Amino acid sequence: QVQLVESGGGLVQPGGSLRLSCAASGSIFSINTMGWYRRAPGKQRELVAAITSGGSTNYADSVKGRFTISRDNAKNTVSLQMNSLKPEDTAVYYCNVHRGFWNDDYWGRGTQVTVSS
Numbered sequence: 003q004v005q006l007v008e009s010g011g012g013l014v015q016p017g018g019s020l021r022l023s024c025a026a027s028g029s030i031f032s033i034n035t036m037g038w039y040r041r042a043p044g045k046q047r048e049l050v051a052a053i054t055s056g057g058s059t060n061y062a063d064s065v066k067g068r069f070t071i072s073r074d075n076a077k078n079t080v081s082l083q084m085n086s087l088k089p090e091d092t093a094v095y096y097c098n099v100h101r102g103f104w105n106d107d108y109w110g111r112g113t114q115v116t117v118s119s
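So the sequence shown is numbered by my numbering: it starts at 3 and just counts up by one.
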């Protein structure tokens, strides 16, 4: 089992910034990909950004150039720096990790991000 604890999120005005963090603990052996997904009201959950243990990143087109994902392998943490936030970024953001050896995924409880004036 892997436990994920998310922090960050909240209410921010358009154009503002927020930083999300997620710490993994438990059976963290073989975690390869860590990332963030989001679910906006009335929409399906979508990938926001992901990063492999080697540092390769993948971003949704809608956040490229505005969001930056980073990872600390020693601390088993993943962070998402979100700049130039837009109202359409409003969603619940979920931390995700994938363990390659067991081919399984774990999810955080989610943290609300609201972008509104």
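We put the beta carbon where it would ideally sit given N, CA and C, even for glycine. The model shown is predicted, which means the values in this text are computed figures rather than measured ones.
Check whether the stretch 28–43 and the stretch 94–103 are in contact - that is, three or more C-beta pairs closer than 8 Å.
yes
To the nearest angstrom, how far is it from the Cα of R40 to the Cα of L87?
14 Å
Ends of the beta strand (DSSP E) at R40?
Its beta strand (DSSP E) spans residues 33–41.
By DSSP, does S64 sit in helix, in strand, or in coil?
In the three-state scheme derived from DSSP, where H, G and I count as helix and E and B as strand, S64 is classed as helix.
How would you label G56, buried or exposed, when you count the other beta carbons within 10 angstroms and need 16 or more for buried?
It counts as exposed.
Which residues mark the beginning and the end of the beta strand (DSSP E) in which R101 is found?
93–101
Test item: CB-CB of G11 and Q114 under 8 Å
yes
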